[in-house]
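Engineer: Dumping the structure here so I can ask a few things about it.
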Amino acid sequence: MTKREQILLSIEAASQRIGTTWPLYSFVASNPLSGYEKLSFENAVKEAEHYLKSKSYPSASVYRTALENNHIDKSILEGILREAEYYDNPEVYLNQMENAPQTTSQPQSKLDVIMTKWLAVFMDEGMAEWQMPNKEKGFFKAWKALASYDKDIGKPSLKHVPDDSVDAIEQVLSAHNISNYNELFTAHISALPGWTGYIKHRTNTNTVWQQQFPITIEDYLAVRLTIANHLGFSLEVDKKPKEDTPDTKLKHLWLKAWEKTFQDKLTLNLASQAAQNTLENKADLSDAQMVFCIDTRSELIRRHVEASGNYETFGYAGFFGIAADYQHYQEDISVKSCPPIVGSPYKITEAPLENTSVKDEAFKRNKKAATSKTRILKRLKNMLPSSFGFVEGSGAFYGLSLVAQSFMPKVFLKLKNDKNEYESFCEPQITYNDTTQKAIALEEKVAIVKSGFDLMGWEQFAPLVLFVGHGSKTANNPFASSLDCGACAANPGRHNARLLATLANDKDVRRVLAKAHNINIPKSTIFVGAEHNTTTDEIELFDNQVPETHKMSLKALKDNLLKAQETATAERLGVTSGSIALAQAKSINWGETRPEWGLAKNAAFIVGSRKLTASSNLDGRCFMHSYNWKLDPEGKALEGIMGGPMVVTQWINNHYYFSTVDNDKFGGGSKVTHNITGHYGVVQGNGGDLKMGLPLQSLKSTDTDMYHQPLRLTTIIHAPLERVESILRKNKHLQMLLDNEWMYLKVMDSSDKNTIRTYMKNFNWHPEKINVSKVKIENVKVKNIDIN
123 MTKREQILLS
133 IEAASQRIGT
143 TWPLYSFVAS
153 NPLSGYEKLS
163 FENAVKEAEH
173 YLKSKSYPSA
183 SVYRTALENN
193 HIDKSILEGI
203 LREAEYYDNP
213 EVYLNQMENA
223 PQTTSQPQSK
233 LDVIMTKWLA
243 VFMDEGMAEW
253 QMPNKEKGFF
263 KAWKALASYD
273 KDIGKPSLKH
283 VPDDSVDAIE
293 QVLSAHNISN
303 YNELFTAHIS
313 ALPGWTGYIK
323 HRTNTNTVWQ
333 QQFPITIEDY
343 LAVRLTIANH
353 LGFSLEVDKK
363 PKEDTPDTKL
373 KHLWLKAWEK
383 TFQDKLTLNL
393 ASQAAQNTLE
403 NKADLSDAQM
413 VFCIDTRSEL
423 IRRHVEASGN
433 YETFGYAGFF
443 GIAADYQHYQ
453 EDISVKSCPP
463 IVGSPYKITE
473 APLENTSVKD
483 EAFKRNKKAA
493 TSKTRILKRL
503 KNMLPSSFGF
513 VEGSGAFYGL
523 SLVAQSFMPK
533 VFLKLKNDKN
543 EYESFCEPQI
553 TYNDTTQKAI
563 ALEEKVAIVK
573 SGFDLMGWEQ
583 FAPLVLFVGH
593 GSKTANNPFA
603 SSLDCGACAA
613 NPGRHNARLL
623 ATLANDKDVR
633 RVLAKAHNIN
643 IPKSTIFVGA
653 EHNTTTDEIE
663 LFDNQVPETH
673 KMSLKALKDN
683 LLKAQETATA
693 ERLGVTSGSI
703 ALAQAKSINW
713 GETRPEWGLA
723 KNAAFIVGSR
733 KLTASSNLDG
743 RCFMHSYNWK
753 LDPEGKALEG
763 IMGGPMVVTQ
773 WINNHYYFST
783 VDNDKFGGGS
793 KVTHNITGHY
803 GVVQGNGGDL
813 KMGLPLQSLK
823 STDTDMYHQP
833 LRLTTIIHAP
843 LERVESILRK
853 NKHLQMLLDN
863 EWMYLKVMDS
873 SDKNTIRTYM
883 KNFNWHPEKI
893 NVSKVKIENV
903 KVKNIDIN
């Protein structure tokens, strides 16, 4: 093996130790320690603590609060401690954890400060009016051309440095006695995991910016090591610690006790439902059926929708099985509208309906005017000759705008409103996502619709069926996309919902479904796209093509959805009156740091019939995917759920977990001192590492008080145990996640009286001992079990 090959292999291995930093405009939740998943959770976080200088468990004060609030059952905790040969009272160990030396944030080194300056300048994505020269040559060459002007590194002469980044790395290594390249590269990549994580994102996704202005981890290391070598810095790295500290071991045990407490309450709830034989009861046909995203926020709104009328709800990943990009009407750029790990063979576009030319022309005029205004204002603000005069001349206008936003937000929003009104006169279309952009074949349209019905276990169709995507509407919020649909790559799900409704209404699609697949959709059934605004709980229907025959039913549904909005917002905001107005105010308040909680408190993923959970208040803590094991004898639908949504929910869960336990390293810091850089990210204050996770205000109710409970994900599947195990044996990645305790799995075994069994390492299944008599049941209703 040549030295160059050894360097490249070591860089690849070292790169796996950092996660991916997603840009603000498509802020997708991901596990920041995804590169460590081949290790057990305990060993992974220990290595991360070494390389990233991070914290990996909740603090002792968080555990104390959880114990005091009964979120940790003391008897469960004592049992877990005794099993690990800790025999003292839990209070003793709590004091021990509190008094242990704490990991403190390390100040940025001079090398880090220099690197962040150059990375920010090069990786700008259109925010700066003046761009760094030579960017098209790549980061290393662009830096090399300008480095001789940098006072921070002594205006070096770099004529002797090769133009190729790998050659430059090799040159530096030749001047030092380095034996372990992996350790060296890992240390330097991990020094700025936010920035290097974003480099990783750009190279993996090959964005337009990456194509025009390429940057690689090799470039990053070449610049960093060349600067370090020039400044005479040592390239030696610390050796890895060999043993856990006592308080780290204790924190792991307390975490398991917290998770076990939550799991026991949840499984007791589900087992109680099953014990009443409610899973087998066939429901009468409902007035309407609604399919919501599996998102935890859907749990609350589904309860309130079902309580408002004779309605049935389902859970399905919010991209609705359509692997596509979406192109807004009258725009050239498309955005991803399916999970990031899924390719986009299709594109969703918009086409005006017949007899809508007046609306179409008005929309085009307004859009052209708005685009021109935005372009002119940006040039006036950013161009050096006009910037000072513009600020002086426009001060009064912006001052009035600030007052209006603060004291008359509704009026201001109405004046500024830029709603996508084209949806009232356009119909979504699906084409191939290539240069031909031809309409897709009929059998592919049928496959998209059939797949959704299969995964949800659909048996009968109501007169009105809604596919409800979700999005969040907030003001002055750099992290707005983190509140949208993760399954749509942090974009709203309305486009996929509208398209699926269009396909399901297609006469040819219905004909093939009936003839080839025995799926008979009544002629009286109409599918409608919709969107759930998770900040206000409003459900907007895109019903411009619903026939007159369904208008009365539709009106009754809208009236009931308004009632559901009122009761849902009241529960979520903890008020007894004026809840909708309060939710709307939070949505449009430009100073609101917590417009909504997103997926905070997520802790479980339930795969099964809605009958498992319909009578329970799960406090918005559970992802819920509909599944009917009887209609999936070969397990294909379940395999799709376990290989897709189950993995994604684990990403989301770990994203929230690590953002909570170490917000400085894995999270986004405080919104109060955020600065947006390059359109794609935030830094804290005037520089530093690029923030990779959620801001503090999305996780805590105050700077110190916990809101999200950092627990690893528990998946519960209602299906035959043999079917689940067969899928796991075929999917080594899923088995690895479970064996290494990145998540938990429990199966409600439908082939054995719904006995709940917990997966242990190497396909050992531990039966749960559940006493359902502990739950008070009235009229076959499980009363609001607190699973906090």
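Residue numbering for the sequence shown follows my numbering, beginning at 123 and increasing consecutively.
A virtual CB, placed ideally from N, CA and C, is assigned to each residue, including glycine.
Go ahead and label residue 298 buried or exposed: buried means 16 or more other beta carbons lie within 10 angstroms of its beta carbon, across all protein chains shown.
Structural biologist: exposed
Engineer: Using beta-carbon positions only, say whether residue 75 and residue 829 come within less than 9 Å of one another.
Structural biologist: Given that the chain is displayed from residue 123 to residue 910, the structure contains no residue 75 and the question cannot be resolved.
Engineer: According to DSSP, is residue 729 helix, strand or coil?
Structural biologist: strand
Engineer: Could you have a look at residue 578 and say whether DSSP puts it in helix, strand or coil?
Structural biologist: helix
Engineer: Does the segment 797-810 come into contact with the segment 696-709, if we say contact requires no fewer than three beta-carbon pairs (one atom in each stretch) closer than 8 Å?
Structural biologist: no
Engineer: In three-state DSSP terms, what is residue 282?
Structural biologist: Correct three-state label for residue 282: coil.
Engineer: Look at the alpha carbon of residue 356 and the alpha carbon of residue 270, and state the distance between them as a whole number of angstroms.
Structural biologist: 22 Å
Engineer: I'd like the span of the beta strand (DSSP E) that includes residue 841, first residue to last.
Structural biologist: 836-841
Engineer: Go through its chain and collect everything with a Cβ distance to residue 876's Cβ below 6 Å, but skip five positions before and after it.
Structural biologist: Contacts found: 396 and 870.
Engineer: Is it true that the CB of residue 856 sits closer than 9 Å to the CB of residue 769?
Structural biologist: yes
Engineer: When you compare each of 796, 371 and 212 to residue 178 by their alpha carbons, which one comes out closest?
Structural biologist: For residue 178, the closest of 796, 371 and 212 by C-alpha to C-alpha distance is 371.
Engineer: Considering just the uninterrupted stretch of the alpha helix (DSSP H) at residue 655, what are its terminal residues?
Structural biologist: Not the alpha helix (DSSP H): residue 655 falls in the beta strand (DSSP E), residues 648-655.
Engineer: Spatial neighbours of residue 170 within its chain, please: CB distance less than 7 Å, with the 5 preceding and 5 following residues excluded, ordered by chain position.
Structural biologist: The beta carbon of residue 170 is closer than 7 Å to those of 155, 158, 176 and 178 in its chain, skipping five residues each way along the sequence.
Engineer: Across which residues does DSSP place residue 885 in a beta bridge pair?
Structural biologist: Answer by DSSP bridge pairing: none, since residue 885 is not bridged.
Engineer: Any idea which residues DSSP pairs residue 662 with across the strands?
Structural biologist: As DSSP reads the structure, residue 662 sits in a beta bridge with 653.
Engineer: Assuming residue 313 contacts residue 234 under a Cβ cut-off of 8 Å, what Cβ separation, rounded to an integer in Å, is found between them?
Structural biologist: That pair is a contact at about 6 Å.
Engineer: For the alpha helix (DSSP H) containing residue 919, name the first residue and the last one.
Structural biologist: Absent from the structure is residue 919, since the part of the chain shown begins at 123 and ends at 910.
Engineer: Looking at C-beta atoms only, is the number of pairs between the segment 756-767 and the segment 708-721 that lie closer than 8 Å three or more?
Structural biologist: No, the segment 756-767 does not touch the segment 708-721.
Engineer: For residue 653, which of 667, 631 and 683 has the nearest alpha-carbon?
Structural biologist: 683
Engineer: Suppose you measure from the CA of residue 522 to the CA of residue 801; what does that come to, to the nearest Å?
Structural biologist: 26 Å
Engineer: Could you spell out the range, first to last residue, of the beta strand (DSSP E) harbouring residue 71?
Structural biologist: Residue 71 lies beyond the residue range present for the chain, which begins at 123 and ends at 910; the question has no answer from this structure.
Engineer: Among the residues of its own chain, which have a CB less than 8 Å from the CB of residue 778, if the five just before and after it don't count?
Structural biologist: For residue 778, the CB contacts under 8 Å within the same chain, skipping 5 residues up- and downstream, are 151, 721, 722, 724, 816, 821, 830 and 832 in chain order.
Engineer: Could you compute how far the alpha carbon of residue 641 sits from the alpha carbon of residue 583?
Structural biologist: 10 Å
Engineer: For the candidate residues 819, 213, 309 and 840, whose alpha-carbon lies nearest to that of residue 604?
Structural biologist: Its Cα nearest to that of residue 604, the residue 819 stands out among 819, 213, 309 and 840.
Engineer: Measuring only the C-alpha atoms, how far is residue 457 from residue 614?
Structural biologist: CA-CA distance, residue 457 to residue 614, rounds to 11 Å.
Engineer: Are there three or more Cβ pairs, one per stretch, closer than 8 Å when the segment 250-269 is compared with the segment 337-350?
Structural biologist: Because the criterion of three Cβ pairs below 8 Å is met, the segment 250-269 and the segment 337-350 touch.
Engineer: If you run the structure through DSSP and keep just helix, strand and coil, what is residue 707?
Structural biologist: helix
Engineer: Let's test the definition: count the other Cβ atoms within 10 Å of the Cβ of residue 282 and tell me whether it reaches 16, buried, or not, exposed.
Structural biologist: Per the 10 Å Cβ criterion, exposed.
Engineer: Please work out which residues of its chain come closer than 7 Å, Cβ to Cβ, to residue 165, disregarding the five sequence neighbours upstream and downstream, and give them in chain order.
Structural biologist: none
Engineer: Spatial neighbours of residue 688 within its chain, please: CB distance less than 7 Å, with the 5 preceding and 5 following residues excluded, ordered by chain position.
Structural biologist: Within the same chain, residue 688 has close Cβ partners 701 and 702.
Engineer: Mind listing, in chain order, the continuous beta strand (DSSP E) runs of no fewer than 3 residues lying wholly within the segment 762-826?
Structural biologist: 796-799 and 803-806
Engineer: Nearest to residue 650 by alpha carbon, out of 657, 823, 625 and 660?
Structural biologist: 625
Engineer: Secondary structure at residue 123, three-state DSSP: helix, strand or coil?
Structural biologist: If DSSP states are grouped into helix, strand and coil, residue 123 belongs with coil.
Engineer: Taking the alpha helix (DSSP H) that residue 234 falls in, what are its first and last residues?
Structural biologist: 232-244
Engineer: Alpha carbon to alpha carbon, how far is residue 381 from residue 190? Give it in angstroms, no decimals.
Structural biologist: Just so you know, the alpha carbons of residue 190 and residue 381 end up roughly 15 Å apart.
Engineer: By the 10 Å Cβ neighbour count, where 16 or more other Cβ atoms means buried, how is residue 185 classified, buried or exposed?
Structural biologist: buried
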